[in-house]
Structures are given as C-alpha cells and as structure tokens.
Amino acid sequence: MLSADFVIATAVGYVGLLFVLAFFGDRRARSNKRSFLHSPAVYTLSISVYCTSWTFYGAVGNAARSGLEFLTIYLGPTLVFVGWWFLLRRLVRISHNQRITSLADLLSSRFGKSNRLAVLVTCIAVIGIAPYIALQLKAVTSSIQTVAGASEFGQGSLAGIDDVGLAFGVAAAMAVFTILFGTRHVDAKEQHHGVVAAIAFEAIVKLTALVAVGVFVVYTGGGLEGIFSGAAELGVGEQPQDTFDSRWLTTLGLSIAAIVCLPRQFQVTVVENSDENHLRVASWAFPGYMLVMSLFILPIAMFGLTVMPAGSNPDMFALTLPMAFGQDALALFAFIGGFSSATSMIILESIALSIMVSNHIVMPLVLRFSTGRRSGDGQGVSHSLLVARRFSIVLILSLGFFYFFFTRDSDALAPIGLISFTAIAQFFPAVLAALFWRDASLQAATAAIAAGFVVWVWCSFLPSFESVSPQVAMLLHSGPWGIMWLRPEALFGLDWLDPLSHAAFWSLSINVVTLTVVSLLTSQSSLERIQATLFVDVFRRGHVAQGNFVRGSATANDLFFVAERVLGERRAAALFETAAREIGVAPDQLEPTSEFIGKLERELAGSIGAASAHVMLSKVVSGSDVSLEEVMQMVDETQQVIEYSQQLEKTSAELRSTAQKLEDANVQLRELDSQKDEFLSQVSHEVRTPMTSIRSFSEILLEPEGIDEAQRHHFVSTIHQESLRLTKLLDEILDLSALERGERAWDNVPIDAEDALNRALRVCEALLRQRGMQVELGERAGVTMVEGDADRLCQVFINLVSNAVKYNDAEHPVVRVVSSLKAGNYVVEIADNGPGIPKGERTLIFEKFSRGEHGASDQTGAGLGLAISRQIVARMNGTLELVPGPLPGACFRVRLAIIR
Amino acid sequence: MAIDILIAEDEPSILESLDFILRRAGYSIRSVTDGDAVLDAVRRMAPRLLLLDVMLPRRSGFDILKQIRADVELRDLPVLILTAKGQQQDRRTADELGADGFVTKPYANADVVGAVRQLLGRQGGTA
C-alpha cells in the first residue's frame, strides 16, 4: 500500500514537472516559431484534453454499469473531426480573421458585437461547467483516497480530513496552479504555448497509464477471451439489448455539441490553433487517440466486475485492479494518469472561462467606470485584466467545489459530466447558425440560448440536487405547486424518456425553435449584417479588412496610449512601428487611418474581446464616450451618405444624357437650318421664274410698237397664267409648311374614301381627254369608311392621277386605278406606263421641289405636289408610297385604315 | 446659215419673251431647252453668242460653260449667263468659269438687250 503523503508528494512533484515544462515550452515557443510546439502532433495531443478523468475513471465505471454506451462519448467527436472537418476549418478561419478569443466572443462578434450576448454565454458556460469541474475534483479526491486513504498506515497528513476537505484542498491547489500557469500573459491570442506543451505531455501520460493498466489487465486476466468468458460465467458483462436506447442517441448528439462548444475545446482547437493545416492531421489523429484510449476500457471494466468484491466502485477499477494484484507502482502510475487527465481539464477549462469572464464581464465594467482615457498608469487595463482572470479562476473552481459539495452523495462520474454537456450544447444551435445562416439575428440567438438554459436548469441541473435536498426530491415527484406537467423530469407529460434524454430533448427543441422563429420575425442591425456576411461568406470573401471606424479626432498618440494600456508598452510600440513601416513613415508621423484603427481593434480584440475593443476604440477615436449604438448610427449615416452620393451619380448621369440630347438637338437644328436655306433658295428660284415672265412681258407691252393684237392678247394671257402659277406656288408652300409643322387644317372624320376617289377621277377627265387618254379602272372596293377629310383626300388622288398623266410619254399612255381592302386597310394603287422613276430618285421623289428627270417641258408645278400629298395622307394616319406596279411606269399606293 | 444668238432656256414663257425682245432688237435667234442638247446645237449652228440659263434639265449651265471653255473650237464663243439664283456665289462661279456677262431673273428687257449689244456690237450681224 502507498502512503498518502507519498502519493500527495508524487502529485505535487508531477505538477512541478508540468510547470517546468510549461515554462520552457513558453520560452522555446517564443524564441523559435518553428519549434515542435507548433507541430500538428502537439496540437492533436492538446485537443485530447477532451479525455478527462471522466474518461480515465468514469468510462470504466460507465462500461461496467451500461456496457458499450460509453463509446458514444468518443463517437461524437470522431464524427465531427472526420466528417465535419469543414465546420472546424470554418471556425478556425473566422476566429483568426476576427481575432476571436472564446466561444462567447465568437457568438458576440457574429451577432453584431453584442456584449450582452457575450455576458449571457459566459454566465451559462461558467454555471454549466461547474458540474464538470466538480467531476474532476471528485475523481481526484476519490483517486487519492483509493490509492492512499485506504491503508492503515497511509493516512499521514490526510488523517482527520474527509472527502470534502480533500476536495477543497485539491480545488485550492488547482486554483493556485492554474493562476501560475495561465495568467502570466494578458493576450489570450498570444496562445498559451507553455500550457499547451504541458497539456500535450499530460495527454501522453494519461494514454500511457491507461494502456499500461489495460495491458496488465489483459495479461493478468488471460487475454481478452479469458476476461470476457470469465465475466460471462459470473453473469456480468454487456447487455446488448440495453445499450441501444434513447440515451445512446442523446449522448452521441451531446458529445458532438461538446467537442465544438466546450470552452476548453474551443480554446485548444480554435484559439490555440496556429496553422489551419494542423486540423488535417488532427482529423484522423485525434479520433485515433480516442480509439486507443477506449480500447482497454471494456476489458478493465469486465475484469474488475469479475475479480473485485461486490460493491467496489467501478469508477476506480483502473486503480484498484493493479492494487489488488499488488502492483503499487502501476497503481501510482495510473493515479498520475488520472491526475493528469483531471488537471489538464481543470487548467484549460478555467483559463478559457476566465478569459470569457474577464473580457466580457469585467472589462466592460472597467471601461464603463474608468474615469476618462488619461487616467491610471500605463498598465492599468492590463493589470485589471490579470486580476480579473485570477479572480475568475478562483470563482470557477469555487463553483465547481460547491457543486461537488452539494452533490457529493451521488457516486457515478459519467452522469455529472453529461449534465454539463447538456448545458454547453445549448450554444450549438447558435454556433451553427452563426456559421451558416445569414439571417440568424442577435435577438434570436440570445433568446434561444436563454430559453435552452432555463429548460436545462429546470430539467437537468436542479434534479441533480435531489439527493441533498428534500424539496428538490418533492419537486421531481409531484411538480411545482402540484402541477404535474411541470415536473422537471416529465415536462409536458413526457415521462417515458430517461432524464438525460428528456432534458436534452426539451432544452434543445425549445432552443432551436426559438432561434428559428425569432430570427424569422426580427431584423438585423447593419453591424450584424456585416458580421453575418463576414462569417457566412468567410471562404468566399477571404480576409476582409474592416474599417468600421470613421477617423475622428484621434491622434496616433491617443491610440498608442490605449494600445499601451491593453497590450503593454513593448507590444504596442512594436505594433505601431510595423504599421508605420508598412506605409513608409516614421512612427511619430503615423496617421491613424481607418485601416490602421481596424487593425488595432483586431489586436485589442485578441486581448479584451471584440465588443470591448470596439467600445474602447470608439471612445478614443471620437474623443468622447461613444456607445455601440452611436457607432452604429455613424455607420447608418455613412450609408446615407453613400446613398446620397449614388443619387448624385444618377443625377449627373441624367445630366450627361440631357447634354447629349441637347447636342443632338443642336445638330438637328443646324441640319434644319441648312434645309431652310436650301428651301428658301429653291422657293426664290420657283418665284423668280414666273416673276421673270411677268416682268418681261409687261415691259414688252409697255413699248407696244411692232406688236399685233393677237400677240398682245397672247402676252397678257401669259402674264395672267404666270400670276396664277405664282399664287398656286405660294399657296402650296404655305400649305406644306403648315403640314410639316404637324398642323392639320381639317378634322379627321369618317368619310367614304371611294367617293373621294371618284370625285378625283371626274376632275381629271378633262386633262385625260386633252391627252387622249383613258383611266383603266380595275377592281374597286365599294363604299369604304376611313378617318380623314374628303376634299384633302380628293386632292391627293388628283395629284397622283395628274402626275400619271402629265409625265407619261408612252405612245399609248395608260393610267390604271385599282382600289381594294387588305388586312383592315383601304388600298388605292394608281399606276401608269410612263417612264417610271429611276432607282436613284425613288426616295427623292417625295422631297420638296423634286420633279424628277422626265419633268415635261410644259410643267408648271414647283415639285411640291407629292410632298404635300404624302403629308396629307400621313395626317390621316395613312401611308403614301411608291411600289412596284403592274405597268412599266410608276405606281403609287395610298393606304388608309378602315374604321368599323 | 450662221445665226446671232442661241438661247438655252427651259421655261417656255421666258424663252418666248427673250425670243421676242432680241428679235425686235434685230438678232437672229435659235433656242434649245435641254441641257444635253446645248453643245451639239452650238457646234451645229455656230452662233455668235450663247445665252445660257443655269438651271437646265439634265445638265447645268455652268457644266456646259466649262465644256465650252475647254473645247478648242468653241472656247472663244461669248457666253451670257442667265440665272434665277441671283446670289453672289453664282456670279463668282460664272466669272471663274469665264462667262462674258451675267443677267439675273427677273431681268429688265433693256438690260438683256444692252448686254447682248455690248458683246455683239450695236447692229445685228446680218442686219
């Protein structure tokens, strides 16, 4: 038998060794970035802090009581590391980008840097982990008592001390140890290399110890077959029919949540991670570690049940079996293994929790009550952080101890651990939402976690006090105030599930439903939206520099002052020098750009959390106390400015297009102006021609010598004709001018188009007769109503028919007129067998003063007829065009819509 | 038999008035109304003066004048330009192409007769 003093001395000596390891590990890691401490192996070993004394002792007890169920606790993490590798990588990437220091920081940062959420998460974590800490205290206490307390001469310094006193001693020693270990530096992001080195060492010790015991047991028990057949003979051993119940699924699910959300797991897996690629190795190595760890658990349990006296605590088989066979050295080694697994958990868990408490609860209070930014010495914030962390460690271990104190009568280890798992699992839905669901809102996450926690307290935490409190026992039996459906272990009448599954089911269901429903009902603030994008799209956007700050009155000096308070003078100076070097100026000329302030914020976030860093820099940057709300208002205002400038851009684009239109209009006007000059010149010519005749003949008549009566009469009638021609010309010009301006000297009314055509043909009869021609009438449409003016339409037909007659120089001139109804239109075609219109003139023919090449010598028209006709038809919403005709000459087609 | 004046003008009433006043002044007159026919008529009739309208069908008077001045046999023929477009630009073009005179429509009969007399001498060639 081992003496108690020897066992305690061994434990203290072991702790001393760890401390030396941590100290040198720290120095080595600082001096050499490529040290093996940055290797994936050390990273993997540090993750195995997951295997606590729950594994070392509790799993054996669990296996002895419930068979293979203990495996689910390792199956969950294996699934996460092998199957959900992408989830961990996402967590690591985001946390590096955002300088995340803890799970509370992660959720706070994602949901709009809300400190309230961080406080909630921290409080729940501290309370929820208390049973877990208690489990370690209980395991260490029991193990010390087992290896030493049982011997008659071994009481030593333990004489007269009961398990409570021993547990208190263990807790106090752990507190001191953790403070010495974990709070030498302030920056959580500085990554506790020393501690990690010690943890990795402990991981090897506990694995070796358990494997050693396992090998011993297998050897002693006559191989695996011997052990299991021995157990079977005694009627002990696994009961497969009992292993696959609801607890199986529950513990599997809870362990999945725990490997991600447990504060210490988040610390080692995410915060302490120095290289994303280490995850690749850990994804197979860590499950491998757990496999080896659990390999001998069942044989140890079975062998213990076979050879140990009835009523022995199966949790302690790993110790009692070697002792029963007189292997004290092995028992001591096993004790150190179990001690290792407990200490590593307690150290890391309390470091992780203390970071959360100091960053999210103490730091905001310090910031709120610090009197102005110039107060205090340069190490003020840094010092209060250290004090806060030490205080937090004491608080966390105290809570663990108190939980142990109140529940010490329950003997199994594993169920205590699962209470903590259920509490921590309440963060899991919010974490998943933070990483994958853009619309998850702050209110939803807060409400969901709070609701899940309340249910957990009611259904899981409270019932664990059953053995010490008659009131709790009463509550479990008949519900509060006799309300049966509120009984903590049969909520809403659900009484067929085991208590663990019951608590997990209700707390997580309510949690998930709350998260979903509230997210859908609430809207996000702009900062939330920004952070949501940074989180959800972390792999799409890469590393995005945040510039949430508007440069205010802050000088580089002010910022340095703040940085110095948080980071310490040396690191602050280094940071500023690097920044100055990057933009190529001297450190004293560094301008506080928003990029630099953003960078500084991330650095500070590594020490004091995202929310606190943001508020602290806001204070300095704007020169006054600025709340997050005010900063958000600034962001909103910036968005307004952006919107305004977008509007300006739009307006200026409109102006540009207006200017372009004006320019086009100007070009058009110039074009019109030159057309006007051309028009005037043509009018002048057309007017001068009859004027010339009139003047010349009047002068002839003024000197009447040598003119006979017949000549005199002829000259006078020429003057008369030319005057008429002049009048007609002026009328046409005015008419066309009005038509071209879009004016219409008539009302469009329903008229019979056929009647207008017949009138035109009658008017032209005289002209036709004069030329010895006849109109060939083809198909006729009959009475057809169109919108227009009968006289004007008649004028168009007269113009077309007379053109067909006048320009026709064929030997047997023919004009053919056809009218018909086509697709809702009244169509008239007037064709001749004259010379036709040469290709080049087919569009010109409708221009003013265009008379075509074959202008007959006796033509008195000014070439305005077709132009006017086309305008008239257009004003009746019809068309006049030149089309290929049935005869060799020209063919004009008038088309007007029929009205019903 | 040679004639005194060939008139190239497409407006019938103007042609008639020119024909009347120049005959009354004692000159022998022939006329042509088509631009394309002018050069042929000049060669055939060998007039002592061409009275040339600018706005002729098919070929402009300026075009005809240019060809006359480029033709070795015809280049010395006196040409009097007749135009309804009385702008400065037309007068300048006529001068550049080597017109001997320029009459704007509507003209005073005396001006036309005066310009012809200045080029052909006071009496008609055969008169």
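Chains as they are written, first to last, in the numbering used here: chain Y, 423 to 1322; chain D, 31 to 157. Quick reminder that beta carbons are idealized off the backbone N, C-alpha and C, glycines included. A quick note: this is a predicted structure, and the numbers were derived from the prediction, not measured.
Report buried or exposed for Y/A433, applying the criterion of at least 16 other Cβ atoms within 10 angstroms of its Cβ. Indexing the first sequence from 1 puts residue 433 of chain Y at position 11. The residue in question, Y/A433, is buried, as its Cβ has 16 or more Cβ neighbours within 10 Å.
If we cut at 7 Å on Cβ distances, does Y/H1107 have a partner in chain D? Within the first sequence, the letter at position 685 stands for residue 1107 of chain Y. For Y/H1107, the answer is yes, since a Cβ of chain D falls inside 7 Å of its Cβ.
Could you tell me whether the Cβ atoms of Y/I1141 and Y/I1116 are closer together than 7 Å? Within the first sequence, residue 1141 of chain Y is the residue found at index 719, counting from 1. Within the first sequence, residue 1116 of chain Y is the residue found at index 694, counting from 1. Yes, Cβ-Cβ distance for Y/I1141 and Y/I1116 is below 7 Å.
In terms of residue numbering, what span does the alpha helix (DSSP H) encompassing D/E46 cover? Position 16 of the second sequence holds residue 46 of chain D. That run of the alpha helix (DSSP H) goes P42 to R54.
Hey, quick one: how far does the alpha helix (DSSP H) through Y/T955 stretch, first residue to last? By one-based count along the first sequence, residue 955 of chain Y stands at place 533. Where Y/T955 is concerned, the enclosing alpha helix (DSSP H) stretches over S948 to V958.
Buried or exposed, going by whether 16 or more other CB atoms sit within 10 Å of the CB of Y/G904? Taking the first sequence and counting its residues from 1, the one referred to as residue 904 of chain Y is at position 482. Classification of Y/G904: exposed, given that the 10 Å Cβ count is below 16.
Please list, in chain order, all residues of the same chain as Y/P462 whose beta carbon is under 7 Å from its beta carbon, the five residues on each side excluded. Mapped onto the first sequence, residue 462 of chain Y falls at position 40. H700, V703 and A704, listed in sequence order.
Does DSSP put Y/L439 in a helix, a strand or coil? Position 17 of the first sequence holds residue 439 of chain Y. Y/L439 falls in the helix class under three-state DSSP.
Between the beta-carbon of Y/V592 and the beta-carbon of Y/V617, is there less than 7 Å? Here residue 592 of chain Y is taken as the residue at index 170 of the first sequence, counted from 1. Here residue 617 of chain Y is taken as the residue at index 195 of the first sequence, counted from 1. No; because the gap between Cβ atoms is not below 7 Å, this pair is not in contact.
So is Y/H614 buried or exposed if we call it buried at 16+ other beta carbons inside 10 Å? Reading the first sequence from its first residue, position 192 is the one you call residue 614 of chain Y. Y/H614 is buried by the Cβ-count criterion.
Please name the residue or residues paired with Y/D1254 in a DSSP beta bridge. Taking the first residue of the first sequence as position 1, residue 1254 of chain Y is located at position 832. Y/V1237.
Beta-carbon separation of Y/A994 and Y/F1018 under 7 Å? Translated into the one-based positions of the first sequence, residue 994 of chain Y becomes position 572. Translated into the one-based positions of the first sequence, residue 1018 of chain Y becomes position 596. For Y/A994 and Y/F1018, no; Cβs fall outside 7 Å.
Report back the beta-carbon spacing between Y/V1239 and Y/V1197 to the nearest angstrom; my notes put them in contact at under 8 Å. Residue 1239 of chain Y sits at position 817 when you count from the first residue of the first sequence. Residue 1197 of chain Y sits at position 775 when you count from the first residue of the first sequence. With a Cβ gap of about 6 Å, Y/V1239 and Y/V1197 count as contacting.
On the DSSP letters alone, give me the boundaries of the alpha helix (DSSP H) that Y/R1315 sits inside. Counting from one through the first sequence, the residue named residue 1315 of chain Y turns up at place 893. Y/R1315: not part of any alpha helix (DSSP H); member of the beta strand (DSSP E) spanning C1313 to A1319, first to last residue.
Measuring only the C-alpha atoms, how far is Y/A707 from Y/L501? Along the first sequence, read from residue 1 onward, the residue named residue 707 of chain Y stands at position 285. Along the first sequence, read from residue 1 onward, the residue named residue 501 of chain Y stands at position 79. Going by the C-alpha atoms only, they are around 13 Å apart.
Flag this pair as touching only if the segment 779-786 of chain Y and the segment 624-633 of chain Y have three or more C-beta atom pairs under 8 Å; answer yes or no. no
Where the beta strand (DSSP E) through D/D83 begins and ends: Numbered from 1 along the second sequence, position 53 holds the residue referred to as residue 83 of chain D. Unbroken beta strand (DSSP E) run through D/D83: L79 to D83.
Please go through the same chain and pick out, in chain order, the residues whose beta-carbon is closer than 6 Å to the beta-carbon of Y/S1067, but skip the five residues on each side of it. Residue mapping note: residue 1067 of chain Y aligns to position 645 of the first sequence, counting from 1. Contacts found: none.
List the endpoints of the continuous beta strand (DSSP E) containing Y/P1172. Stepping through the first sequence from its first residue, residue 1172 of chain Y is reached at position 750. That run of the beta strand (DSSP E) goes V1171 to D1174.
Going along the segment 37-60 of chain D in order, which residues come within less than 8 Å of chain Y, judged by CB to CB distance? D40, E41, P42, S43, I44, E46, S47, L48, F50, I51 and R54
Under a three-way DSSP split, which group does Y/A862 fall into? Taking the first sequence and counting its residues from 1, one reaches residue 862 of chain Y at position 440. In this structure, Y/A862 counts as coil in the three-state DSSP scheme.
Which residues of the segment 1122-1139 of chain Y have a Cβ closer than 7 Å to any Cβ of chain D? Give them in chain order. Within the segment 1122-1139 of chain Y, contact with chain D at the beta-carbon level (separation under 7 Å) is assigned to I1122 and G1128.
For D/V84, does the count of other Cβ atoms within 10 angstroms reach 16, so buried, or fall short, so exposed? For the purposes of this step, residue 84 of chain D is taken as residue 54 along the second sequence, with counting starting at 1. When all chains shown are included, D/V84 counts as buried.
Entirely enclosed beta strand (DSSP E) segments - the segment 1125-1199 of chain Y, minimum 3 residues: 1171-1174 and 1197-1199
Identify, in the order they occur along the chain, each residue of the same chain with its Cβ nearer than 7 Å to the Cβ of Y/G1246, setting aside the five sequence neighbours on each side. In the first sequence, the residue the question calls residue 1246 of chain Y occupies position 824. Cβ within range, chain order: A1319 and I1320.
Closest Cβ-Cβ distance between Y/F1119 and chain D: below 7 Å? Walking along the first sequence from the start, residue 1119 of chain Y turns up at place 697. Closer than 7 Å: yes.
Given a limit of 8 Å on CB to CB distance, which residues of the segment 88-114 of chain D reach chain Y? The residues in question are R88 and A114.
Spell out whether any CB of chain D is found under 7 Å from the CB atom of Y/S1279. Counted from its first residue, the first sequence places residue 1279 of chain Y at position 857. At Y/S1279 the pLDDT is 40, less than 50, meaning the model places this residue with poor confidence and gives no usable figure here.
Contact criterion: CB-CB distance below 7 Å. Does Y/S1115 meet it with respect to chain D? Counting from one through the first sequence, the residue named residue 1115 of chain Y turns up at place 693. Answer yes: the Cβ-Cβ gap between Y/S1115 and chain D drops below 7 Å somewhere.
Separation of Y/I626 from Y/Y436, as counted between CA atoms: As a working note, residue 436 of chain Y is residue 14 in the first sequence. As a working note, residue 626 of chain Y is residue 204 in the first sequence. So the alpha carbons of these two residues sit roughly 14 Å apart.
Contacts of D/A138 in chain Y (Cβ-Cβ under 7 Å): If you number the second sequence from 1, residue 138 of chain D lands on position 108. What D/A138 touches in chain Y: E1121.
What does DSSP give as the partner residues of Y/N1247 in its beta bridges? Locating residue 1247 of chain Y in the first sequence gives position 825, where the first residue counts as 1. DSSP lists Y/K1244 and Y/A1319 as partners of Y/N1247.
Take the Cβ of Y/L1288 as the centre, count every other Cβ of all protein chains shown within 10 Å, and call the residue buried at 16 or more, exposed below. Your numbering for residue 1288 of chain Y matches position 866 in the first sequence. Burial call: buried.
Whole-number beta carbon distance between D/L36 and D/A71, since they are thought to touch under 8 Å: Position 41 of the second sequence, counting from 1, holds the residue named residue 71 of chain D. Position 6 of the second sequence, counting from 1, holds the residue named residue 36 of chain D. With a Cβ gap of about 6 Å, D/A71 and D/L36 count as contacting.
May I ask you to verify whether the segment 891-911 of chain Y touches the segment 978-997 of chain Y, counting CB pairs closer than 8 Å and requiring at least 3? no
Got a sec? Which residues, its chain only, sit under 8 Å from Y/L1309 by beta carbon, not counting five neighbours each side? Start at 1 with the first residue of the first sequence, and residue 1309 of chain Y comes out as number 887. Closer than 8 Å at Cβ, skipping near neighbours: V1236, R1238, A1253, D1254 and N1255.
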